[in-house]
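Respectively, the protein sequence lines represent chains D and U. Under our numbering, the residue at position 178 of the first sequence is numbered 180, and the numbers go up by one with no gaps. Under our numbering, the residue at position 37 of the second sequence is numbered 39, and the numbers go up by one with no gaps.
2 protein chains.
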Amino acid sequence: MLKNDLLLRAARGETTERTPVWLMRQAGRILPEYRELRGRLSGFKELVETPALAAEVTIQPVDALDVDAAIIFSDILVVPEAMGLTYEMVEARGPHFPTVIKTAADVHRLRVADPEQHLGYVLEALRITKRALNGRVPLIGFAGAPWTILAYMVEGGGSKTFSKARRMLYQEPALSHELLEKITATTIAYLQAQVAAGANLVQVFDSWAGILPPAHYAEFSTRYLAQICEALAPLVPVTVFAKGAWWAIEDFARLPCRTIGLDWNQSPREARQQAPGRTLQGNLDPCALYGSVEQVQAATQAMLREFAGGPHIANLGHGVYPDTDPAKVRVFVETVKAWRG
Amino acid sequence: MLKNDLLLRAARGETTERTPVWLMRQAGRILPEYRELRGRLSGFKELVETPALAAEVTIQPVDALDVDAAIIFSDILVVPEAMGLTYEMVEARGPHFPTVIKTAADVHRLRVADPEQHLGYVLEALRITKRALNGRVPLIGFAGAPWTILAYMVEGGGSKTFSKARRMLYQEPALSHELLEKITATTIAYLQAQVAAGANLVQVFDSWAGILPPAHYAEFSTRYLAQICEALAPLVPVTVFAKGAWWAIEDFARLPCRTIGLDWNQSPREARQQAPGRTLQGNLDPCALYGSVEQVQAATQAMLREFAGGPHIANLGHGVYPDTDPAKVRVFVETVKAWRG
Numbered sequence: 003m004l005k006n007d008l009l010l011r012a013a014r015g016e017t018t019e020r021t022p023v024w025l026m027r028q029a030g031r032i033l034p035e036y037r038e039l040r041g042r043l044s045g046f047k048e049l050v051e052t053p054a055l056a057a058e059v060t061i062q063p064v065d066a067l068d069v070d071a072a073i074i075f076s077d078i079l080v081v082p083e084a085m086g087l088t089y090e091m092v093e094a095r096g097p098h099f100p101t102v103i104k105t106a107a108d109v110h111r112l113r114v115a116d117p118e119q120h121l122g123y124v125l126e127a128l129r130i131t132k133r134a135l136n137g138r139v140p141l142i143g144f145a146g147a148p149w150t151i152l153a154y155m156v157e158g159g160g161s162k163t164f165s166k167a168r169r170m171l172y173q174e175p176a177l178s179h180e181l182l183e184k185i186t187a188t189t190i191a192y193l194q195a196q197v198a199a200g201a202n203l204v205q206v207f208d209s210w211a212g213i214l215p216p217a218h219y220a221e222f223s224t225r226y227l228a229q230i231c232e233a234l235a236p237l238v239p240v241t242v243f244a245k246g247a248w249w250a251i252e253d254f255a256r257l258p259c260r261t262i263g264l265d266w267n268q269s270p271r272e273a274r275q276q277a278p279g280r281t282l283q284g285n286l287d288p289c290a291l292y293g294s295v296e297q298v299q300a301a302t303q304a305m306l307r308e309f310a311g312g313p314h315i316a317n318l319g320h321g322v323y324p325d326t327d328p329a330k331v332r333v334f335v336e337t338v339k340a341w342r343g
Numbered sequence: 003m004l005k006n007d008l009l010l011r012a013a014r015g016e017t018t019e020r021t022p023v024w025l026m027r028q029a030g031r032i033l034p035e036y037r038e039l040r041g042r043l044s045g046f047k048e049l050v051e052t053p054a055l056a057a058e059v060t061i062q063p064v065d066a067l068d069v070d071a072a073i074i075f076s077d078i079l080v081v082p083e084a085m086g087l088t089y090e091m092v093e094a095r096g097p098h099f100p101t102v103i104k105t106a107a108d109v110h111r112l113r114v115a116d117p118e119q120h121l122g123y124v125l126e127a128l129r130i131t132k133r134a135l136n137g138r139v140p141l142i143g144f145a146g147a148p149w150t151i152l153a154y155m156v157e158g159g160g161s162k163t164f165s166k167a168r169r170m171l172y173q174e175p176a177l178s179h180e181l182l183e184k185i186t187a188t189t190i191a192y193l194q195a196q197v198a199a200g201a202n203l204v205q206v207f208d209s210w211a212g213i214l215p216p217a218h219y220a221e222f223s224t225r226y227l228a229q230i231c232e233a234l235a236p237l238v239p240v241t242v243f244a245k246g247a248w249w250a251i252e253d254f255a256r257l258p259c260r261t262i263g264l265d266w267n268q269s270p271r272e273a274r275q276q277a278p279g280r281t282l283q284g285n286l287d288p289c290a291l292y293g294s295v296e297q298v299q300a301a302t303q304a305m306l307r308e309f310a311g312g313p314h315i316a317n318l319g320h321g322v323y324p325d326t327d328p329a330k331v332r333v334f335v336e337t338v339k340a341w342r343g
C-alpha cells in the first residue's frame with residue numbers, strides 16, 4: 003500500500019489535492035551522496051549492475067529532495083547490451099558501443115533478451131528498492147524507445163546528426179523494421195518484468211525523437227511505442243516522453259498511454275488541445291534551476307500555470323543537469339508542492 | 003546584370019517560372035574538387051582566409067551541381083574571431099575556442115569589429131567570386147544569429163545542452179544582452195559590407211535556436227534578428243533560418259525578412275498559415291539523399307508539394323551531410339528544376 007500515491011492518481015487522470023513532482027535524472031550526479039558512492043566504484047556500469055547500490059541511489063533523492071516518486075537507477079542502454087551489444091560508459095564523453103549494427107547478419111545475431119536471464123540485475127534492484135521504499139512513494143520503471151535504442155546501436159554513441167541511423171531508415175527500411183521489432187519485443191518483456199518486480203508506472207524515453215522527420219517518426223517510432231503502450235497499459239500507467247517531437251502529440255493521444263511528457267520547448271497549452279483528457283508531464287527548462295531562488299520560484303509557477311486545465315505531473319523538460327545545485331531542486335519541488343492552481 | 007535571378011525573384015515574393023534551388027553547405031566536402039583543394043592546405047581556416055581559394059570553392063557547386071545560387075564559402079565563427087575571440091577548427095571534431103567568455107570583463111574586452119579591417123578576407127572573397135560568377139547566379143552572403151554566436155563564445159564549441167550559454171541567460175541577463183548587442187552591431191556592419199562587396203541576398207543562420215525555451219528565444223534571439231533584418235532589408239532580401247525553432251515562425255512573420263527557412267521537422271503547410279505572403283525555404287531531410295534515385299525523386303516531389311500555395315526556394319532542411327553522393331544532390335536539383343507545381 004502506498005502512503006503517497008499522488009503520482010499514480012495524477013497519471014490515471016484523477017484530480018489530486020496537489021500536483022505531484024519528480025525529476026528525470028534525480029538519482030545521479032546532482033546529489034553529493036551519489037557522487038560519494040560513485041567515487042568508490044570502478045565506473046557507472048558497476049553501479050548499474052550492482053542491485054543493492056542501484057537501489058541505494060534510487061532512494062537517495064526521495065530522502066534528499068522529497069520528491070513524489072522514485073525512478074529506478076539504470077540506463078536505457080542495458081537493453082542493447084541484453085540483446086548482445088555491449089556498451090561502455092566513457093567518463094565525460096557518454097556511451098560508446100565498440101561493435102555497431104551495420105548488416106542484416108548483425109541484426110540477426112541479436113537476441114530478443116530474456117529479462118530474468120539478461121536483465122536480472124535491474125529486476126533485483128527494483129525488488130530491493132521496492133522493499134526499502136516500504137510504500138513511501140511509487141516506483142517508476144523505464145526503458146528507451148525502440149527508435150532511440152536503434153539509433154545508439156547503429157551510431158555507436160551520441161551524434162549531432164545520427165546520420166548513420168537515419169541513413170539505415172532510408173536505405174534499409176525492412177531491416178530497420180526487423181531490428182525495431184526485436185528491440186520492441188525485448189522492451190515489452192523487460193517492462194512487464196519491471197512491473198512484476200515492483201514498478202508502479204513505466205516511462206518510455208525517446209531521447210532522439212526530435213531528429214526524425216514527422217513521417218519517419220510515425221513509421222519507425224510511434225508504431226513501436228503503440229505496441230509497448232498496448233502491452234503495458236493493462237498493467238500500469240504508461241508515460242511516453244519523446245524529446246523534440248512536438249509534432250507527435252496528436253498521435254500519442256491515440257495510444258493507450260496515460261501520460262505524455264513534454265520538453266521545455268513544447269507548449270502545455272497546445273498539448274492540452276492535442277491530447278484532451280491525458281495527463282501531461284514536464285516541462286521546466288533544466289537551465290531555469292541555474293537562476294536565483296526567486297527566479298526558480300517564478301519560473302516554476304509560470305510553468306504550473308501553463309499546465310492548467312488538466313492533470314499534471316510536474317517535472318523538468320529534460321533530465322536535471324549534473325551541475326545543478328540541489329538546493330535549487332528543492333526550491334522547485336517545494337514551489338510545486340505549495341502551488342494551489 | 004544577373005542571367006539567372008530566379009532566387010532573388012522568389013525571395014521578393016514574385017511568381018517564377020520554376021522553383022529556384024540551392025543547398026546549405028553545397029560548397030564543401032561533398033565535392034571531390036573541394037576535397038582535392040582542401041587536401042593541399044594546412045586546414046579549414048587557411049581556406050576560409052584565402053580569398054582566391056574561398057572564391058574558387060564557392061563557385062565549384064555552381065559548376066558541379068547546377069544550383070541557382072552561390073553562397074560564399076566561409077564560417078559563422080569568423081565573427082567572434084573578428085571581435086577578438088580566436089577559434090580553431092579541429093578535424094572531425096568541430097570548432098573550439100581556446101578562450102571563452104565568462105565574465106563582464108571578457109565581454110567588455112570584445113570589440114565591435116570593423117568589417118574591412120577584421121573581416122576583409124571574406125569581403126575580398128565576395129568581390130572575387132562576384133567577378134568570376136559574371137552574373138551566372140546570385141551570390142548569397144551570411145552570418146550567424148547573435149544567439150548562436152553567443153552560444154559558441156560562452157560554450158567554447160559544440161555541446162549537447164549548451165548549458166553554460168543558457169546558464170548565462172538565466173544568471174546574467176543584462177550581461178547577455180550587452181554581449182548580444184555587440185555581436186549584433188558587428189553582424190549588421192558585416193552583412194552591410196557583404197552587400198557592398200556583392201552579396202545579392204543575405205541569410206542569418208540560428209543554428210542553436212532550438213535549444214532555447216520560446217520565451218528566452220523571443221528575448222535573446224528574435225529581438226536581435228529583428229535589428230539585423232531592419233538594417234539589411236532596405237538593401238537586399240533577408241532570409242532567417244532558425245533550426246529547431248518551429249514556435250518562432252509567427253514572430254518571424256512580423257520581421258522584415260522576406261524568406262523564412264524551415265528545417266526538415268517543420269511543417270511548410272503550417273508555416274504558410276503562420277507567415278502568409280512570405281517566401282519559404284527548405285526543407286528536405288538531408289538523409290533523404292541517402293536513398294536511391296527513385297527515392298530521392300519521390301521525396302523531393304513530396305517536399306515540393308508541401309510548399310504549394312506561395313513562393314518557395316528549394317533547399318535541404320539543414321546543411322548537406324559530407325558523405326552525401328553528389329550524384330544524388332544532382333537528382334535533387336534536377337527534380338526541383340523539372341517540377342511544375
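The beta carbon of each residue, even a glycine, is placed where N, CA and C say it ideally should be.
Continuous alpha helix (DSSP H) stretch holding residue i: start and end
{"i": "U/Val-335", "result": "328-340"}
{"i": "D/Phe-46", "result": "46-51"}
{"i": "D/His-320", "result": "Neither: D/His-320 is in no alpha helix (DSSP H) and is coded neither H nor E."}
{"i": "U/Ala-176", "result": "175-198"}
{"i": "D/Ile-130", "result": "122-135"}
{"i": "U/Leu-227", "result": "225-234"}
{"i": "U/Ile-251", "result": "251-254"}
For residue i, the three-state DSSP class (helix, strand or coil)
{"i": "D/Gln-268", "result": "coil"}
{"i": "D/Asp-70", "result": "coil"}
{"i": "D/Met-155", "result": "helix"}
{"i": "U/Met-91", "result": "strand"}
{"i": "U/Gln-276", "result": "helix"}
{"i": "D/Ala-56", "result": "helix"}
{"i": "D/Ala-244", "result": "strand"}
{"i": "D/Gln-28", "result": "coil"}
{"i": "D/Phe-144", "result": "strand"}
{"i": "U/Thr-101", "result": "coil"}
{"i": "U/Gly-41", "result": "helix"}
{"i": "U/Thr-163", "result": "coil"}
CB contact check: residue i to chain U, cutoff 9 Å
{"i": "D/Asp-325", "result": "yes"}
{"i": "D/Asn-317", "result": "no"}
Contacts around residue i, its chain only, beta-carbon distance under 6 Å, and the 5 residues preceding and following it disregarded
{"i": "U/Leu-8", "result": "Thr-18, Pro-22 and Asp-70"}
{"i": "U/Thr-186", "result": "Pro-148, Tyr-226 and Gln-229"}
{"i": "U/Glu-126", "result": "Pro-53"}
{"i": "D/Asp-253", "result": "Thr-224"}
{"i": "D/Thr-60", "result": "Ala-29, Ala-72, Ile-74, Phe-75 and Thr-131"}
Closer than 9 Å to chain D by CB, residue i
{"i": "U/Asn-6", "result": "no"}
{"i": "U/Pro-313", "result": "no"}
{"i": "U/Lys-162", "result": "yes"}
{"i": "U/Gln-283", "result": "no"}
{"i": "U/Gln-297", "result": "yes"}
Whole-number beta carbon distance between residue j and residue i, since they are thought to touch under 8 Å
{"i": "D/Phe-144", "j": "D/Met-91", "result": "The Cβ separation is near 17 Å, so there is no contact."}
{"i": "D/Ala-57", "j": "D/Ala-134", "result": "6 Å"}
{"i": "D/Ile-315", "j": "D/Gln-268", "result": "14 Å between Cβ atoms; not a contact."}
{"i": "U/His-218", "j": "U/Leu-171", "result": "6 Å"}
{"i": "D/Gln-194", "j": "D/Leu-237", "result": "7 Å"}
{"i": "U/Ile-73", "j": "U/Gln-28", "result": "7 Å"}
{"i": "U/Asn-6", "j": "U/Val-139", "result": "5 Å"}
{"i": "U/Ile-32", "j": "U/Val-242", "result": "Not confirmed; about 25 Å, so no contact."}
{"i": "U/Val-50", "j": "U/Val-80", "result": "7 Å"}
{"i": "U/Thr-163", "j": "U/Ser-209", "result": "Not confirmed; about 15 Å, so no contact."}
{"i": "U/Tyr-154", "j": "U/Pro-215", "result": "Going by Cβ atoms, the distance from U/Tyr-154 to U/Pro-215 rounds to 20 Å, so no, they are not a contact pair."}
First and last residue of the uninterrupted beta strand (DSSP E) at residue i
{"i": "U/Asp-208", "result": "203-208"}
{"i": "D/Thr-17", "result": "No beta strand (DSSP E) holds D/Thr-17; DSSP gives it neither H nor E."}
{"i": "D/Thr-281", "result": "281-286"}
Same chain, Cβ closer than 7 Å to residue i, neighbours up to 5 away in sequence not counted
{"i": "U/Arg-129", "result": "Ala-199 and Gly-200"}
{"i": "U/Met-305", "result": "Asn-285 and Leu-286"}
{"i": "D/Gln-299", "result": "Val-333 and Thr-337"}
{"i": "U/Thr-101", "result": "Leu-87"}
{"i": "D/Val-156", "result": "Val-102, Ile-103, Lys-166, Ala-167 and Met-170"}
Residue i Cβ short of 8 Å to the ligand NAD heavy atom set
{"i": "U/Asp-7", "result": "No copy of the ligand NAD appears in this structure; indeed no ligand is present at all."}
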